[in-house]
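For reference, the structure is listed below as structure tokens.
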Amino acid sequence: MFEDIQYKEIFQFFQEISQIPHGSGNEEELSNYVKAFAEGLSLEVYQDAAYNLLIRKPGSAGREAEPSLLIQGHLDMVCEKDHGSPHNFETDPIALKLDGDWLFADRTTLGGDDGIAVAYAMALMSDTTHSLPPLEILLTTGEETGLLGANYFDTSQIRSKRMINLDSEKEGTVLISSAGGAKLQFHTRLTRSVQPDGYIPVTVRIYGLKGGHSGEDINKKRGNANKLMSRYLFGWYNHCPNTRLVSIDGGVKDNAIPRECTAKLWVPGDLSEEVERGCWWFGEDLAKEFGGTDSQAKIALEWADIARDPEGWSLEPCSNEDTGRILSFLNLAPDGVQNMSHVIEGLVETSCNLGILRTDEDIWTGVVSLRGSQRDQLLAMKEKFYILSGMNQIEMQVFSEYPGWEYREESALRQRYCAVYQRLFGKEAGMEAIHAGLECGIFAKAIPDLDIISIGPDIVDIHSPSERMSVSSVQRTWELLLAMLEQEESATVVERT
Ligand SMILES: [Zn+2]
């Protein structure tokens, strides 16, 4: 398949990797394979219990004493397939397809994210024709499921002070900063009792929203179904404080903007017309507010006939007090973009996403995904949520925290990248900070003076069966990587007097 392709060894390594299933949590075999490959080249290998690999390769002749450089990527891939695909990610090799410049897989994710980093790493390990500095190569596991391997890895093993992360998907754009974040979980016990006389049950649905990724899409002014439902319900509760909530459920993942939310409540029967009117007005407001960005957002109301159809109405309503404090909390909870960077144009600096709401018989739960590139801002947001939940007698717990990678004014590695890019391709490289998490954050925090950049070839539609990788971009990125590793004229240390 790759016989006539320039730098075919990289594509052949990629093909070898594709033969070994390596979804997140299933990296053992690939890790062992790369370990054996490195050992076969007599390189020093350290593998930990999470199957992370750190490989050391001495510098080429004359460069043995240079400071080492860390090349980093992740071993695992996201496993997604089309509905009709019989692919088994536990056992089957990824079936590669080549069409023109695009490499992709047969109705599954390709694993270019981040298999291409593993392929580059293997090419660097086995390279004997180029002059290379001493290299450390770190391949981690569980990146796609919460940076698990990087979090587990003993970073005191790393000797390098410069790191090139190969987990970016846009050629010509160097990443210079990523967000940190955390998952905030809220819960409270519920007291339920029989609904008062004269009350009638109603289901309210907000649906039709676009949703999206809570990092990349948070600045697109789309609606959050959970948040909109909270606003609607609080408005009604304010008008009619005797309203009793049964349940409020919406969203499936903390890092996805929720597209639907459903609430069940009991309202005084003589107010049914007002409820309908209020709902109609809210629908009008939705259309106005989101006409340009989320135009299919809808609210619908349905009176329940429990005697005829009791489905979904087994729970008694929550107490008046529970209803009030849950709705107050939800209505006040910050959501969406909180502030923009003053340093990097267009970068969302802090955001949150009220991703999940769940109501069980005796417990109510909410989950917020928090992101931010500044440590102090993240802390301030956590404190805000902490105060707000406390005021409403709701418990808060913090999970899955990961640090941000803050932008550094001074970065010799970034400067070098930009100069090399300009020299090779005759144009300026772009720079980008992202509002999502990268492993770089973990290494930046663990090794404060580590100079980091993140680069990679063009890969589009990652994490989906349409994922595809540009062959020519892989080739150019390889040339760029080699040029970055060439001996620098300024590498000789000049002693100042
Ligand atoms: Zn990745």
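Each residue of the sequence shown is one higher than the one before, counting from -4 in my numbering. Each residue gets a CB set at the ideal place from its N, CA and C atoms; glycine is no exception.
My output table needs one value for residue i: the three-state DSSP class, helix, strand or coil.
i, result
"Arg471", "helix"
"Arg353", "strand"
"Tyr2", "coil"
"Trp308", "coil"
"Glu138", "helix"
"Ser346", "strand"
"Gln372", "helix"
"Glu340", "coil"
"Leu223", "helix"
"Thr487", "Note that Thr487 has pLDDT 46, beneath the 50 cutoff, so the model's placement of it is unreliable and the number below is only indicative. Thr487 falls in the coil class under three-state DSSP."
"Ala498", "Outside the modelled stretch of the chain, which goes from -4 to 492, sits residue 498, for which no answer is possible."
"Glu183", "A small correction: the amino acid at residue 183 is Thr; Glu does not occupy that position in the sequence shown. Correct three-state label for Thr183: strand."
"Arg170", "In the sequence on display, residue 170 carries Leu and not Arg. DSSP places Leu170 in strand when its eight states are reduced to three."
"Arg403", "coil"
"Leu143", "helix"
"Thr124", "coil"
"Gly207", "coil"
"Cys313", "strand"
"Thr150", "helix"
"Asn83", "coil"
"Ser155", "coil"
Using the C-alpha atoms, what's the distance from residue j back to residue i?
i, j, result
"Glu396", "Lys440", "13 Å"
"Val332", "Met(-4)", "46 Å"
"Phe438", "Tyr46", "17 Å"
"Arg411", "Arg418", "10 Å"
"Cys413", "Glu423", "7 Å"
"Val73", "Gly361", "26 Å"
"Ser500", "Pro452", "Any property of residue 500 remains undetermined from this structure, which presents the chain solely from -4 to 492."
"Ala44", "Asn27", "12 Å"
"Glu344", "Arg409", "21 Å"
"Gly207", "Lys222", "15 Å"
"Leu477", "Ile5", "13 Å"
"Pro263", "Leu240", "12 Å"
"Gly68", "Val113", "7 Å"
"Arg491", "Met479", "Interpretation of Arg491 is limited by its pLDDT of 47, a score under 50 that renders its predicted location unreliable; the figure taken from the coordinates is listed afterwards. Those two C-alpha atoms are separated by around 26 Å."
"Gly203", "Ala282", "12 Å"
"Ser151", "Gln7", "33 Å"
"Gly341", "Glu139", "26 Å"
"Leu475", "Lys92", "25 Å"
"Asp96", "Gln470", "11 Å"
"Lys379", "Pro129", "47 Å"
"Pro460", "Tyr232", "45 Å"
"Gly319", "Pro236", "8 Å"
"Ile132", "Ser465", "24 Å"
"Thr472", "Ser19", "25 Å"
"Leu228", "Asp444", "50 Å"
"Val363", "Leu36", "47 Å"
"Ser309", "Tyr381", "32 Å"
Of all the options the options, which has the alpha carbon lying nearest to the alpha carbon of residue i?
i, options, result
"Cys256", "His234, Gly167, Ser121 and Val199", "Val199"
"Ile201", "Thr136, His208, Thr140 and Trp275", "Trp275"
"Lys30", "Met117, Val393, Phe6 and Thr86", "Met117"
"Ile454", "Glu483, Leu91, Glu164 and Arg226", "Glu164"
"Glu23", "Trp473, Phe32, Leu70 and Ile50", "Leu70"
"Thr124", "Ile195, Gly203 and Tyr2", "Tyr2"
"Ala566", "Leu266, Tyr416 and Thr168", "Examination of residue 566 is not possible in this model, given that the chain is present from -4 through 492 alone."
"Ile294", "Asn219, Leu433 and Ser13", "Asn219"
"Ala258", "Ala292, Asp265, Leu296 and Arg272", "Leu296"
"Ile153", "Lys76, Gly137 and Gln42", "Gln42"
"Lys205", "Gly230, Asp192 and Gly246", "Gly246"
"Ala90", "Asn83, Pro305, Asp101 and Leu374", "Asp101"
Quick one, are the C-beta atoms of residue i and residue j less than 7 Å apart?
i, j, result
"Pro398", "Gly79", "no"
"Asn250", "Cys435", "no"
"Leu134", "Leu38", "no"
"Gln190", "Trp298", "no"
"Asn348", "Ser172", "no"
"Arg353", "His430", "no"
"Phe324", "Lys178", "no"
"Thr104", "Glu462", "yes"
"Arg187", "Cys313", "yes"
"Leu327", "Leu383", "yes"
"Ser406", "Asp357", "no"
"Gly141", "Phe9", "no"
Would you check if there are 3 or more beta carbon pairs closer than 8 Å linking the stretch 144 to 153 to the stretch 329 to 349?
no
Count Cβ pairs between the stretch 181 to 191 and the stretch 57 to 77 that sit closer than 8 Å; are there 3 or more?
In short, these stretches do not touch, since the Cβ pair count stays below three.
Could you check whether the stretch 232 to 252 touches the stretch 207 to 223, counting it as contact only if at least three pairs of C-beta atoms, one from each stretch, sit closer than 8 Å?
Yes: the two stretches touch, three or more of their Cβ pairs being nearer than 8 Å.
Say whether the stretch 155 to 169 touches the stretch 370 to 390, bearing in mind that this needs 3 or more beta-carbon pairs closer than 8 Å, one atom from each stretch.
With a cut-off of 8 Å, the stretch 370 to 390 and the stretch 155 to 169 do not count as touching, because too few Cβ pairs lie within range.
Quick check: the stretch 385 to 395 against the stretch 270 to 288, are there 3 or more CB pairs under 8 Å?
Inter-segment contact for the stretch 385 to 395 and the stretch 270 to 288 is absent: fewer than three beta-carbon pairs are separated by less than 8 Å.
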